[in-house]
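Data block below; observations after.
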Amino acid sequence: MSPLSRRRYRSRMSSARLRERQRQRVVDAENAVAWLEARVEQLQSQIDQKRQLQRSDPLQGEQGQQQEHEHQGAAGEGDPEDFRDRIQGLAAGINRMAGHAAACARLMAELRATASALVLRPAAAAQPPDGSREPPSRHSISYIVDLE
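If you use full-length UniProt numbering, the sequence shown corresponds to residues 1 to 148, in order.
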């Protein structure tokens, strides 16, 4: 095999590996988006469930999440101030979960946009900052991610 043929063969093999890596990155990003979608749905269902429990019986909704204090007997006994504190704690928890769900939804949208717009090109195609035309070492090939 001539040196030119060998160089072309290596270039084609390198390009094939790069395309495969790019495909794998896109698949990984799509998997991350799917996981985030599932997590957002899970958080939203937990929020809905807690809100429903709070609407139906505020004390029962919290009992599903926490064990009763030792100083209290059956439901309905105890200091009303304790019940008020427990209800406020439950409401704060619901608000925190709603914030987490919103953050997950924003992150999911960003990842979906990134996955659909992911374009990789060799960094060697970019002009080096010092203006030199020296090709990169074959051991230090890097890539630039363009988000179109």
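Backbone N, C-alpha and C define an ideal beta-carbon position, used for all residues, glycine too.
Only a predicted model underlies this, so the values are computations on that prediction, with no experimental measurement involved.
Kindly indicate the opening and closing residues of the alpha helix (DSSP H) around Ser56.
-> Residue 56 sits at position 56 when you count from the first residue of the sequence shown. Note, Ser56: alpha helix (DSSP H), 3-56.
Report the residue from Met108, Gln24, Thr114 whose alpha carbon sits nearest the alpha carbon of Arg39.
-> Taking the first residue of the sequence shown as position 1, residue 39 is located at position 39. Ranking the options by Cα distance to Arg39, first place goes to Met108.
Please report how far the alpha carbon of Met13 lies from the alpha carbon of Leu90, in whole angstroms.
-> Residue mapping note: residue 13 aligns to position 13 of the sequence shown, counting from 1. Residue mapping note: residue 90 aligns to position 90 of the sequence shown, counting from 1. C-alpha separation (whole angstroms): 59 angstroms.
When you compare only the Cα positions, how much space is there between Gln49 and Ala101?
-> As a working mapping, residue 49 is identified with position 49 in the sequence shown. As a working mapping, residue 101 is identified with position 101 in the sequence shown. The straight-line gap from Cα to Cα measures roughly 14 angstroms.
Can you give the beta carbon distance from Leu53 to Met97, rounded, assuming they're within the 8 angstroms contact cut?
-> Mapped onto the sequence shown, residue 53 falls at position 53. Mapped onto the sequence shown, residue 97 falls at position 97. About 13 angstroms separates the two Cβ atoms, so there is no contact after all.
Report all residues from its chain with a CB closer than 7 angstroms to the CB of Ala125; omit the five preceding and five following residues, and keep chain order.
-> Taking the sequence shown and counting its residues from 1, the one referred to as residue 125 is at position 125. At Ala125 the pLDDT is 48, less than 50, meaning the model places this residue with poor confidence; the figure from the coordinates comes in the next sentence. Closer than 7 angstroms at the Cβ level, and outside the excluded window around Ala125, lies no residue.
Given a threshold of 16 other Cβ atoms within 10 Å of its Cβ, counted over all protein chains shown, does Gly73 qualify as buried or as exposed?
-> Numbered from 1 along the sequence shown, position 73 holds the residue referred to as residue 73. The pLDDT assigned to Gly73 is 45, lower than 50, so where the model puts this residue is not dependable, and the model offers no usable value.
For Thr114, which of Ala16, Arg25, Arg6 has the nearest alpha-carbon?
-> Sequence index remark: in the sequence shown, residue 114 carries index 114 (1-based). If we check each option's Cα against that of Thr114, Arg25 comes out closest.
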